[in-house]
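Numbering (UniProt numbering), first residue to last: 1 to 135.
The beta carbon of each residue, even a glycine, is placed where N, CA and C say it ideally should be.
The structure appears below as C-alpha cells.
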C-alpha cells in the first residue's frame with residue numbers, strides 16, 4: 001500500500017481535463033452515474049477523473065469525449081495548458097471561470113446562449129455583457 005504522504009499531487013493538466021469533463025457532463029445534464037455506466041466504470045472513478053486524482057488514459061478520454069458528444073480536443077482547447085501554473089492570479093481566474101461554467105447559473109446561461117442562432121444577436125449580447133462589467 002502506498003504511503004499517503006508520498007503521493008504526488010495531481011498534475012495541473014489532469015485537474016484541468018477533469019474540470020472540463022465535469023463541466024461538459026453537467027452541461028448535458030448527465031449525472032456521474034450515467035456517465036460511469038456509459039463508460040463501464042463506477043461513479044467513484046468518474047469522480048476521481050473529474051478531480052484530477054486519477055489520470056484519464058488516451059483511449060478512455062476518447063470514450064469520454066464520445067459519451068459527452070465533443071471532440072477529444074475539447075479537453076485541451078485554448079491556452080489553459082500553455083502555462084498551467086504561471087501565476088496564482090492566472091490560476092484563480094481560471095478556477096473562477098471553470099467554477100462559474102460548472103455552476104447551475106453558468107450552465108443555464110450557456111444553454112440559453114447556445115440556443116441563440118443569429119450571430120449578430122449573440123455579438124450584441126456579448127457587447128452588452130462587456131459593457132455591464134465595465135460599469
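Taking a contact as a CB-CB distance under 8 Å, the pair residue 32 and residue 47 counts as one, their CB atoms being some 6 Å apart.
The three-state secondary structure of residue 116, taken from DSSP, is coil. A residue is called buried once 16 or more other Cβ atoms fall within 10 Å of its Cβ, and residue 36 is buried on that count. Between residue 106 and residue 113, the C-beta spacing is not below 7 Å.
DSSP places residue 66 in the uninterrupted alpha helix (DSSP H) bounded by 58–67.
Annotation: residue 73 to residue 131 spans about 32 Å, alpha carbon to alpha carbon. Taken atom to atom, the span from the alpha-carbon of residue 120 to that of residue 134 is near 21 Å.
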